[in-house]
Every structure is written in C-alpha cells, then in structure tokens.
Amino acid sequence: MEITGYNVAFIAIAAMTVTSAIFVVTLPNILRSALFLMFTFIGVAGLYVLANAEILAAMQLLIYVGAITVLILFAIVLTQQLMGARITQTSRNIVLGGVAAIAVFAFIATTFVSHFSKGSDMIAAQPAVPTSDPLLMIAKMLIQPYVLPFELASFILLVAMVGAIVIAKEDKD
Amino acid sequence: MPEIVIFLLIKLVMTIVIFALWMTMVPFMIWLERKVIADIQIRIGPNRVGPFGLLQPIADALKLIMKEDITPAKADKLIYPIAPALLMVPALLAIAVIPIGGMVTIGERSFTLQIMGEYRGPNGFFVPELDAGILLSLALSSLGVYGVVLAGWSSANKYSLLGGMRSSAQMLSYELPLGVALVGPLLLASSLRLNEVVNAQSNFGIWFIIPQFVGFIIFLMSGTAEVNRAPFDLPEAEQELIGGYHTEYSSFRFAMFFMAEYLNMVTISALAVTFFLGGYRLFTDIVWLQPIWFALKLMLFLYLFVWIRGTWPRVRYDQLMALGWKVSLPLALVNLAITAIVLAYVPKRAVLVLTITSIVLITIAYYGSSYNIRRSTDMTARSGYARRHLPESEETRI
Amino acid sequence: MPPLSWYLYVSAALFALGLFGMMTRRNSIAMLMSIELMLNAANINLVAFSAYLRGHTMVGQMFALFVIALAAAEAAIGLAIVINIYRTVKHIDADEINLMKW
C-alpha cells in the first residue's frame with residue numbers, strides 16, 4: 002500500500018463513516034444517533050466522490066442527508082416525550098447481536114471480498130474515469146434501457162407519498 | 005514548483021477572495037436592511053457609528069461577542085453548542101460552486117473565477133468544473149435544516165422547539181419548488197454547471213428571467229421561504245415564539261445564527277443572479293470587471309429582499325403551506341413541462357415561445373392562486389363573505 | 271487509488287453494524303436507521319463495482335439511484351407507520367407492540 006492523497010482521503014473518510022455508524026447503533030440518546038447517521042451518510046457521499054461518482058454523491062447528500070435523515074429527526078421529535086425526558090432507548094441481546102454482526106462481517110470479508118481483492122481481467126486496479134459527460138450517460142440510461150424501472154420508481158414514490166399521508170393522518174372521528 | 009502546488013495556491017487565493025466578498029456582503033446587508041427599513045418606515049436608522057452609520061454592523065457584532073455565552077441548564081450538552089455550526093458550515097460551503105467571473109488567463113494558466121471551477125495548466129494539467137454543481141449547492145442548502153431543528157430541540161424550551169419544527173417543515177417544503185424552478189434554466193443551458201448556465205445566457209442573447217419568468221418568481225418566493233425571511237419568517241416570529249429556535253442562544257452562537265441567515269440570503273441571491281440575471285456578464289467581456297458586475301447584481305437582489313421585508317405582512321402558517329404545496333410546486337412542474345416540450349419541438353424559437361407561455365402562465369397562476377388562497381382562508385378581511393355582503397371600500401381591500 | 275477491496279470492507283462493516291443495530295435496538299426509529307445503514311452498505315458496493323468492473327461503467331450507479339429512491343419511499347412509509355403507532359399506544363418500542371388492535 003502506497004501513501005497517496007487518494008488513499009489517505011479514503012482511509013479518513015472510511016474511518017469517519019464507520020465510526021459514526023458505530024455511534025449510530027450504540028448511543029443511548031436516539032437524537033444523537035440520528036445526528037451521527039447524518040455524518041455516516043456524508044461519509045458515504047465522500048466515498049462516492051472517490052469512486053468518480055460525483056452525481057450520485059450529490060444525490061446522496063440531497064436525498065439521504067437532506068431529506069431522509071431530516072424526516073427521521075422529525076419523527077424522533079414527534080414521537081418522544083419532548084424535552085429529553087424519554088429520549089433514551091434500550092438495547093437488548095447485545096451479545097447475540099454482536100456475535101451475529103461479527104460473524105456476518107467475517108463471512109463477507111473472507112469469502113466475498115477476498116475473491117475480489119486481487120486484480121483480475123474483470124476488475125480494474127483503479128476506478129474508471131467516465132469517458133463522456135456522466136450526467137448525460139445517466140440521463141440516456143434512464144431513458145433508454147432503464148425506462149421501465151424509472152417509471153416504476155416514480156410510481157412507487159407516488160404510492161408511498163399517498164400512503165404516508167393516509168397512514169399518518171389523524172382520524173377525526 | 006509542481007503544478008499541483010500552484011493549482012492549490014491559486015484556488016486558495018480565489019477562495020479567500022470569494023469568501024471575503026461574501027463576508028463583506030453580510031455586514032453591508034445588515035446595514036442596508038436597517039437603513040432601507042428605516043426609510044420605508046419614515047425613520048432615520050443607524051447614523052451615529054461611522055459615516056451614514058456604516059460601522060453599525062461592526063458595533064453590533066462587537067456587542068454580541070462581548071456578551072456572556074449562556075447554556076441553559078437542561079440543554080443537551082453535545083448538540084446545543086454545535087447546532088449553530090451545523091447551520092453555518094453548509095452556508096459557507098455553498099459558496100464553492102458559484103462563479104463570480106469568467107475565464108482568466110495568466111501566462112500559460114487559465115481558470116474560471118469559481119472555487120470549484122475549471123483550471124488549465126501547462127503540460128495538459130486540467131481540472132474540470134464540478135459536474136453536479138447545482139445539485140451540490142441545493143444539497144448543501146438543504147443541510148441547513150439540521151442546525152435549525154437541532155437548535156430548537158436541544159434548547160429544552162418549547163418555543164424553541166416549536167420554532168425549530170416550523171422552520172424545518174417550511175424549509176423541507178420549499179426545497180422542492182426551489183429545485184424544480186431551477187430545472188427550466190438548466191434545460192435551456194443543457195448543463196448542470198453554473199458557468200455553462202451563464203454562458204448559455206450570453207449565447208441566447210437574453211437573460212433567463214425573460215423566458216423563465218415563472219421559474220424566477222417561484223425561485224424568489226421559495227428562496228425567501230428557504231432562508232426564513234419575511235414574509236415567510238414564521239420560525240422566528242417574535243410576536244408568537246419569542247424569537248423561535250434561537251431564543252436561548254446568546255453571544256457569539258446567536259451571532260452565528262444571524263450570520264448564517266444572511267450568508268444563506270447572499271447565496272440564494274447569487275444563485276438567482278447566476279440563473280436568471282445573466283450571472284457575471286454585463287456589457288463587456290473584460291474579465292476583471294466581471295466580479296464587479298456580479299457584486300452589483302447581487303446588491304440589487306439583496307435590496308429586493310429588504311424591500312419585500314419592508315412591505316409585506318407575515319403570512320399565516322396554513323397560507324405558507326398552501327402557497328408551497330398547492331401553488332409553487334404545481335406551477336414549477338407545469339413550467340418545467342412546458343419548457344421541456346418547447347425545447348423538444350420548437351428549439352429554434354424556444355425563447356420567444358417560452359416568453360409568451362410564461363406570461364400566460366403567470367397570469368393564470370396569479371388569478372388562480374389568489375382566488376384559491378382567498379377561498380381557503382376565510383379569516384382574511386376580503387373573504388368570500390366580505391366580498392358578497394360588504395360594500396367595497398378602502399378598508400376591506402387588502 | 272484505493273483498490274476495490276477497501277470499498278467492500280467498508281461496505282461489509284456498515285452492513286454488519288446495520289445488522290447489529292437491527293438486532294439490538296428496540297426503538298422502531300432506531301431500527302429504521304439501521305435499515306438505512308444496510309441500504310447504504312449495498313449502495314457502496316454497487317457504486318464501487320460500477321467504478322472498478324471493466325466495461326460496465328454507470329450500471330451500478332443506476333441501481334444505486336433506484337435504491338436511493340426506494341429508500342426514500344421506505345423511510346416515508348416507515349416513519350408514517352411509526353407515528354401512527356405512537357398515536358395509538360404512546361410508545362414505539364418494537365417488542366411491546368404485540369397487539370393487532372387496541
């Protein structure tokens with residue numbers, strides 16, 4: 002492993018991502034968990050930038066950080082007894098969960114990742130730099146080969162929007 | 005010296021210059037606001053500190069910093085101190101994508117006056133402009149919600165909490181029309197790069213405010229709401245919420261909230277200038293004059309913000325939500341659809357057709373929405389009942 | 271340039287942490303947050319493969335885009351359900367929500 006700017010940046014961002022993710026699942030104060038969830042998502046966006054996916058990074062910031070986490074914060078503030086009285090939460094089965102998580106990580110690391118860790122004719126050593134305008138490529142793919150999933154996604158979002166309103170609406174009677 | 009060092013040095017200098025422009029705009033804006041509001045209300049305004057009271061913002065800042073920094077006893081010890089920073093940092097970062105000038109050439113190096121802009125050095129050293137420029141800017145502006153909602157929650161004060169909730173709901177709702185309103189100019193420029201948008205306006209020979217008038221109006225409205233300015237300043241309505249989400253804050257942390265609000269306003273104005281008023285281009289293409297044109301247009305826009313604040317009363321919360329979801333968003337979507345159709349079928353005459361359609365659309369929208377809002381808010385003076393049963397007089401007219 | 275395996279390790283770590291949170295947390299919102307972590311882990315994988323797999327540029331990014339859209343839908347519906355449950359039973363502890371009707 003050589004020390005280059007990219008490698009150092011990757012390690013810094015990855016460390017930030019994983020550390021904040023650890024805080025997300027262990028902190029007793031759920032609002033602080035949500036705050037660290039934001040930092041995790043920002044770190045993931047940073048990883049996207051390092052993989053030459055700037056547009057996806059911007060999408061990640063816009064949707065995950067700007068909308069989903071804010072929604073979660075909103076839900077926390079709406080559902081906890083306010084003013085910090087019941088903001089703490091309990092965790093159960095910590096040993097079991099820890100063992101399972103470590104087992105899954107070890108399994109993925111030993112089988113899946115090691116399979117791709119050495120270079121091959123399929124796997125490049127460096128992330129590919131998009132040949133043409135990446136935005137144009139994404140746009141063309143959305144319109145030509147992926148038009149059906151695209152339309153389906155819009156339909157699902159519509160259904161989700163209507164559903165969320167219907168579910169969360171208070172019954173007047 | 006290797007090229008990368010020169011590149012970083014040039015970017016550093018540029019960052020400092022652009023940052024300085026923004027940071028001088030903030031106290032200027034505070035002074036302008038107090039002067040213009042005073043003028044509108046037939047007062048004199050600040051006139052003691054410095055010529056025309058120009059040094060008043062500095063005196064204000066000094067006063068704030070000298071005060072004691074109080075943390076409420078029940079406040080969250082981790083989140084309460086960092087909430088102002090969470091608001092301030094995205095506000096500062098959003099500056100990075102805005103171009104304040106075109107291509108500058110010094111010797112064998114040329115670059116645009118934009119922090120995340122294009123850079124060409126000798127021997128093929130080339131850094132392109134950020135692809136997703138406007139997406140990044142919108143994403144960063146949406147990060148400001150965190151500071152507000154966390155400040156409101158961590159203060160352990162119900163007024164702060166209410167202010168924070170109101171504000172986050174408002175910012176989330178107005179983000180959508182804000183983003184969609186910008187898609188029209190982006191379609192015309194066919195690029196997400198802000199520099200390309202500016203160039204497209206000079207290629208078309210017309211500022212996008214004319215063919216995209218609907219988009220401009222929606223952007224202005226949702227931009228005002230996004231930065232919590234009057235008439236959409238419900239999160240900090242003094243009369244109802246004793247200040248809102250920053251009630252408990254004092255000293256420099258309060259100053260940070262204040263500064264973030266003004267920084268956001270300057271950034272929104274800069275986006276509006278870039279997208280609708282031709283950006284840094286005016287009259288000539290002399291590069292070193294372009295930041296001056298940009299600053300002039302920016303000041304024009306900031307004046308508009310103050311003017312709006314001085315003349316409009318605050319809207320009610322339900323009116324605010326109705327305006328966001330029932331008027332702005334559908335209108336922005338219709339505008340987007342029309343722009344796309346026109347560009348697909350009559351690309352040659354797009355500007356002319358779009359100008360006509362935007363005039364038609366804004367007329368329909370004005371009458372439609374004023375009818376709708378009047379109907380849905382029967383508490384206003386000119387409700388349906390009043391219109392039918394009361395004689396027309398100066399008092400009943402809004 | 272970091273090799274592909276680094277991305278996969280980070281993604282595996284995020285996935286395992288999401289799983290841990292899913293198993294130990296009892297607060298419904300915290301569980302939703304863990305699900306988001308796992309979805310992000312999958313997204314990192316997709317983006318990394320789209321960058322490193324020869325001849326398939328952008329395909330992984332496409333899928334990641336759809337995953338983000340679905341995650342948004344999931345969060346909206348999930349949080350709406352949580353808020354509704356809170357209105358009915360006044361808490362959101364997933365273990366205690368064991369009645370179909372109140």
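Protein chains in written order, with this note's numbering: chain R, 2 to 174; chain F, 5 to 402; chain B, 271 to 372.
Cβ coordinates follow ideal geometry from the N, Cα and C atoms, glycine included.
For residue i, the residue or residues it bridges with in DSSP
i	result
G105 of chain F	F:L117
I110 of chain F	F:R113
V131 of chain F	F:Y123
I124 of chain R	B:L323
S92 of chain R	B:R295
T288 of chain F	F:L286
D237 of chain F	D237 of chain F pairs with nothing; no bridge assigned.
Cutoff 8 angstroms: residue i Cβ touching any chain B Cβ
i	result
P150 of chain R	yes
M175 of chain R	Since the first and last residues shown for chain R are 2 and 174, residue 175 of chain R lies out of range.
R93 of chain R	yes
V163 of chain R	no
P131 of chain R	yes
N8 of chain R	yes
V78 of chain R	no
Min CB distance residue i to chain F below 8 angstroms
i	result
M84 of chain R	Its pLDDT being 49, under 50, M84 of chain R is placed unreliably in this model, and the value from its coordinates should be taken loosely. Yes - at least one Cβ of chain F is within 8 angstroms of the one on M84 of chain R.
P128 of chain R	no
G47 of chain R	no
E171 of chain R	no
V167 of chain R	no
G44 of chain R	no
Exposed unless 16 or more other CB atoms sit within 10 angstroms - verdict on residue i
i	result
T41 of chain R	buried
S115 of chain R	exposed
H250 of chain F	buried
K39 of chain F	buried
A341 of chain F	exposed
Y370 of chain F	exposed
Y349 of chain F	exposed
N51 of chain F	exposed
D70 of chain F	In the sequence as displayed, the identity of residue 70 of chain F is Met instead of Asp. With fewer than 16 other Cβ atoms within 10 Å, it is exposed.
P126 of chain F	exposed
W292 of chain F	exposed
T28 of chain F	exposed
V130 of chain R	exposed
T228 of chain F	buried
A13 of chain R	exposed
K360 of chain B	exposed
T5 of chain R	exposed
A264 of chain F	buried
S374 of chain F	exposed
Proximity to residue i [Cα-Cα], best of the options
i	options	result
S255 of chain F	F:D64, F:A42, F:F32, F:R38	F:D64
D365 of chain B	B:F285, B:R296, B:W276	B:R296
A68 of chain R	B:S281, B:E306, B:Y279, B:G288	B:E306
N335 of chain B	B:A346, B:A312, B:L369	For clarity, residue 335 of chain B is Leu in the given sequence; the question names Asn instead. Of the listed residues, the one whose Cα sits closest to L335 of chain B is B:A312.
E252 of chain F	F:A155, F:Y321, F:S114	F:A155
A260 of chain B	R:M162, R:A125, R:I166	Given that chain B is displayed from residue 271 to residue 372, the structure contains no residue 260 of chain B and the question cannot be resolved.
L82 of chain F	R:V71, R:T91, R:F37, R:V66	R:F37
S1 of chain F	F:I44, F:F208, F:M225, F:N199	The displayed coordinates of chain F run from 5 to 402. Any statement about residue 1 of chain F would go beyond what the structure contains.
L316 of chain B	B:Y277, B:I367, B:D363, B:P272	B:Y277
I221 of chain F	F:L238, F:Y150, F:G183	F:G183
S158 of chain F	F:P55, F:T75, F:M92, F:S145	F:T75
S195 of chain F	R:I168, R:I166, R:A140, R:V160	R:A140
G188 of chain F	F:M5, F:S362, F:E7	F:S362
N199 of chain F	F:F298, F:G128, F:L304, F:P215	F:F298
L426 of chain F	F:V9, F:L347, F:L25, F:F32	Past the boundaries of the shown model lies residue 426 of chain F; chain F is included only from 5 to 402, so the question cannot be answered.
A342 of chain B	R:T80, R:Q61, R:L28, R:L79	R:Q61
Cutoff 8 angstroms: residue i Cβ touching any chain R Cβ
i	result
V317 of chain B	yes
L335 of chain B	yes
Y150 of chain F	yes
A390 of chain F	Below a pLDDT of 50, predicted positions are generally treated as unreliable, and A390 of chain F, at 49, falls in that range; no measurement from the model is reported.
L304 of chain F	no
T358 of chain B	no
V153 of chain F	yes
L369 of chain B	no
L140 of chain F	yes
A345 of chain B	yes
A136 of chain F	yes
Assumed close pair residue i, residue j - CB separation to whole angstroms, cut-off 8 angstroms
i	j	result
I56 of chain R	A136 of chain F	5 angstroms
I213 of chain F	L281 of chain F	6 angstroms
query = What residues in the segment 294-324 of chain B have a beta carbon less than 8 angstroms from any beta carbon of chain D?
reply = Protein chains in the displayed structure are R, F and B, and chain D is not among them.
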